[in-house]
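Participant: Sequential numbering from 157 applies to the sequence shown in our numbering.
By construction, the Cβ of each residue, glycine as well, lies at the ideal position given by its N, Cα and C atoms.
This structure is a prediction, so every number in the text was calculated from the model and none was measured.
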Amino acid sequence: MSLTPAARQRYARHLSLSDVGEAGQLRLTAASVLIVGAGGLGSPVALYLAAAGVGHIGIVDDDRVDVSNLQRQIIHSDADIGQLKVESARAKMLAINPLITVTPHVARVTAANVLTLVQAYDVIIDATDSFATRYMLNDACVLAGKPLVYGAIFRFEGQASVFAPHLGGPCYRCLFPDPPTADLAPNCTQTGVFGVLPGVVGTVQATEALKLILGIGQTLVGRLWLYDALRMQTDSWPIAANPACPRCGSHPTLSGIVDMEAQCAAPISADEISVSDAQRRLAQTPAPLVLDVRDDHEYAAGHLAGAVHIPVDVLATRLHDIPAGADIIVYCRSGMRSARARDILRRHAYTAVSLAGGLLAWRQQIDATLDVV
Ligand SMILES: [Zn+2]
Numbered sequence: 157m158s159l160t161p162a163a164r165q166r167y168a169r170h171l172s173l174s175d176v177g178e179a180g181q182l183r184l185t186a187a188s189v190l191i192v193g194a195g196g197l198g199s200p201v202a203l204y205l206a207a208a209g210v211g212h213i214g215i216v217d218d219d220r221v222d223v224s225n226l227q228r229q230i231i232h233s234d235a236d237i238g239q240l241k242v243e244s245a246r247a248k249m250l251a252i253n254p255l256i257t258v259t260p261h262v263a264r265v266t267a268a269n270v271l272t273l274v275q276a277y278d279v280i281i282d283a284t285d286s287f288a289t290r291y292m293l294n295d296a297c298v299l300a301g302k303p304l305v306y307g308a309i310f311r312f313e314g315q316a317s318v319f320a321p322h323l324g325g326p327c328y329r330c331l332f333p334d335p336p337t338a339d340l341a342p343n344c345t346q347t348g349v350f351g352v353l354p355g356v357v358g359t360v361q362a363t364e365a366l367k368l369i370l371g372i373g374q375t376l377v378g379r380l381w382l383y384d385a386l387r388m389q390t391d392s393w394p395i396a397a398n399p400a401c402p403r404c405g406s407h408p409t410l411s412g413i414v415d416m417e418a419q420c421a422a423p424i425s426a427d428e429i430s431v432s433d434a435q436r437r438l439a440q441t442p443a444p445l446v447l448d449v450r451d452d453h454e455y456a457a458g459h460l461a462g463a464v465h466i467p468v469d470v471l472a473t474r475l476h477d478i479p480a481g482a483d484i485i486v487y488c489r490s491g492m493r494s495a496r497a498r499d500i501l502r503r504h505a506y507t508a509v510s511l512a513g514g515l516l517a518w519r520q521q522i523d524a525t526l527d528v529v
């Protein structure tokens, strides 16, 4: 096998690097990488891996481009607002390099699909800002024996590593056996992120992915790389596998993929009601009104008995469907959209609380037969 004349021209600067060369470029061509998240971190990863000639790149995201993304998610343009992020990303990647294949996965990573996704690719990039996704990706990568290139950003600071127990390093759970509580796990939406930061961290992730494919240099397996943009300092710490790790340790206590979305749900506050309290309240007379604010297809798959269905995006225009002064328990899949709906309702003088953890928590704690999509 050899490179085509077109590929030879395109990758000339790789071919003249002795550590890459034609053999290395052919490895890149034959390689596949899955990028989970087409946002801030996913943008530079996708652009650089496409440019470098990674032959097959999959990209997972179910979100659409919003104007507030453009401050840092540089793969998307103003003209892409409202488009699926994976489609916008795919177009940019192919515009840079038409010699590669890009597979968009319009999906959210779940316990049900994560292993299938991970098994189809050589290297997996964690470019999400969700703890639930991060744990599920880690667990699937350990089970499938695939390296997970981790990156995370917070305000002005970032970190990166490569989790690969099969290459001698730790997994993510070796460092963090359990997810943080939601108050300790703010996301970018709540805390803000310096726009250039994901560019720096994502580029480090792309670098590690290319080194893993090429088999060159010292990767971040067994090291945590840290970056502080304000002080302009970088550091790296050795990180060791934990023999007691519940996932990759000598006596793992976890077997399949755990649905982390329910476990990582928001904490209970005055704005929320736990599923057990909600169940008690619903058994009382008069029972509160139950409002389902998910999309039509989610409601059709399964919902709580007697729930009124109004998707959150149209809630403000359909308040006339809710009796004035009603006492409402509002729910969605995991508690994010219902929190938004609760705020809308309260602004219109309703008494409303959001079901903590949403239907995922309900299914886990009350009714395992409930179909939640
Ligand atoms: Zn581990």
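Which of the three DSSP states, helix, strand or coil, is assigned to Arg220?
Facilitator: Locating residue 220 in the sequence shown gives position 64, counting from the first residue. In the structure shown, Arg220 sits in a strand (DSSP, three-state: E or B).
Participant: In its own chain, which residues sit with a C-beta less than 6 Å from the C-beta of Pro303, not counting the 5 before and 5 after it?
Facilitator: The residue labelled residue 303 in the question sits at position 147 within the sequence shown. Result list for Pro303: Val279, Val318, Ala320 and Leu368, in chain order.
Participant: Residues in its own chain within less than 7 Å of Gly324 by CB, not counting five upstream and five downstream?
Facilitator: Mapped onto the sequence shown, residue 324 falls at position 168. If we look at Gly324 and ignore the five residues flanking it on each side, its Cβ neighbours are Val377 and Gly378.
Participant: On the premise that Arg164 lies in contact with Leu171, defined as a C-beta separation below 8 Å, what is that separation, rounded to the nearest angstrom?
Facilitator: Here residue 171 is taken as the residue at index 15 of the sequence shown, counted from 1. Here residue 164 is taken as the residue at index 8 of the sequence shown, counted from 1. So it is a contact: roughly 7 Å between Cβ atoms.
Participant: Got a sec: does ligand 1 put a non-hydrogen atom nearer than 7 Å to the Cβ of Gly405?
Facilitator: Your numbering for residue 405 matches position 249 in the sequence shown. Checking the Cβ of Gly405 against ligand 1 gives yes.
Participant: Does any heavy atom of ligand 1 sit closer than 7 Å to the C-beta of Ala320?
Facilitator: One-based indexing of the sequence shown puts residue 320 at position 164. Checking every heavy atom of ligand 1 against the Cβ of Ala320, none is found closer than 7 Å.
Participant: According to the neighbour-count rule (16 or more other Cβ atoms, all chains shown, within 10 Å of its Cβ), is Ile213 buried or exposed?
Facilitator: Stepping through the sequence shown from its first residue, residue 213 is reached at position 57. Under this definition Ile213 is a buried residue.
Participant: Below 8 Å, can you find three or more Cβ-Cβ pairs linking the segment 479-493 to the segment 506-515?
Facilitator: Yes, the segment 479-493 is in contact with the segment 506-515.
Participant: Determine the burial state of Pro442: buried for a count of at least 16 other Cβ atoms within 10 Å of its Cβ, exposed for fewer.
Facilitator: Your numbering for residue 442 matches position 286 in the sequence shown. Its Cβ having fewer than 16 others within 10 Å, Pro442 is exposed.
Participant: I need the DSSP call for Phe319, collapsed to helix, strand or coil.
Facilitator: Here the question's residue 319 lines up with position 163 in the sequence shown. It is a strand residue.
Participant: Keeping to the same chain, check which residues put their C-beta closer than 6 Å to that of His465; ignore five residues upstream and five downstream.
Facilitator: What you label residue 465 is simply residue 309 of the sequence shown in a count that begins at 1. Closer than 6 Å at Cβ, skipping near neighbours: Asp448 and Tyr455.
Participant: Identify, in the order they occur along the chain, each residue of the same chain with its Cβ nearer than 6 Å to the Cβ of Tyr328, setting aside the five sequence neighbours on each side.
Facilitator: By one-based count along the sequence shown, residue 328 stands at place 172. Same-chain partners within the cutoff: Asn294 and Phe319.
Participant: Pick helix, strand or coil for Asp527, following the three-state DSSP scheme.
Facilitator: The residue you call residue 527 lines up with position 371 of the sequence shown. Coil.
Participant: On the criterion of 16 or more Cβ atoms from any shown chain inside 10 Å, does Asn343 qualify as buried, or is it exposed?
Facilitator: Locating residue 343 in the sequence shown gives position 187, where the first residue counts as 1. Here the model assigns Asn343 a pLDDT of 49, short of 50, so the residue's position is not dependable, and the following value carries that caveat. The residue is exposed, with fewer than 16 neighbouring Cβ atoms inside 10 Å.
Participant: Any heavy atom of ligand 1 closer than 7 Å to the CB of Cys297?
Facilitator: Here residue 297 refers to the residue found at position 141 of the sequence shown. Outside the cutoff, so no.
Participant: Can you give me the start and stop residues for the alpha helix (DSSP H) that Ile485 sits inside?
Facilitator: The residue you call residue 485 lines up with position 329 of the sequence shown. From DSSP, Ile485 is part of no alpha helix (DSSP H) but of the beta strand (DSSP E) over Asp483 to Tyr487.
Participant: Taking the continuous alpha helix (DSSP H) assigned at Ser199, which residues delimit it?
Facilitator: As a first step, residue 199 is located in the sequence shown; it is residue number 43 there, counting from the start. Its alpha helix (DSSP H) spans residues Gly198 to Ala208.
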